[in-house]
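Residue numbers (my numbering): 3 to 143.
Here it is as structure tokens:
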């Protein structure tokens, strides 16, 4: 189980890294992608941090791979900017990993939206008179 301190540091790193990414990517021509920091998992010794990132790309998987190459290429600068904003004894080394949870959720929502129109076209079956009548309420003659 993680300590409260690690949980707070994870959330702080997530917020700061999201802010730094927003500022840095605005100038780095990342206009074809939306990058979201979904969570950060820091090791107990604060030396390493797994940064889970969701990438929504207008394009294909090659574009998503290009975003991750840029993230890995800018890793040291991103760490430095986070270090300046957050005073820790050690600034963890970031390791970016793709978080597919949002993409999977979008896929499930797309499947549901495809199913809904199919369900609304159905008309109720006609009453053919074979069903027994509903039970009479108690106390009725």
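Just so it is clear, CB atoms sit at the ideal spot from N, CA and C, and this is done for glycine as well.
Margin query: Just verifying my parser: in three-state terms, what is the DSSP assignment at residue 7?
Written below: helix
Margin query: Just to confirm, is the Cβ distance from residue 88 to residue 15 under 8 Å?
Written below: yes
Next item on the list: Identify, in the order they occur along the chain, each residue of the same chain with its Cβ nearer than 6 Å to the Cβ of residue 97, setting aside the five sequence neighbours on each side.
Entry: 52
Check: From this set, 117, 71 and 80, which residue's C-alpha is nearest residue 21's C-alpha?
Finding: When the alpha-carbon of residue 21 is set against those of 117, 71 and 80, the nearest one is in 80.
Notebook entry, point to check: Hey, is residue 11's beta-carbon within less than 8 Å of any beta-carbon in chain C?
Noted result: Among the chains of the structure shown, chain C does not appear; only one protein chain is present.
Next item on the list: Kindly indicate which three-state DSSP category residue 13 falls into: helix, strand or coil?
Entry: helix
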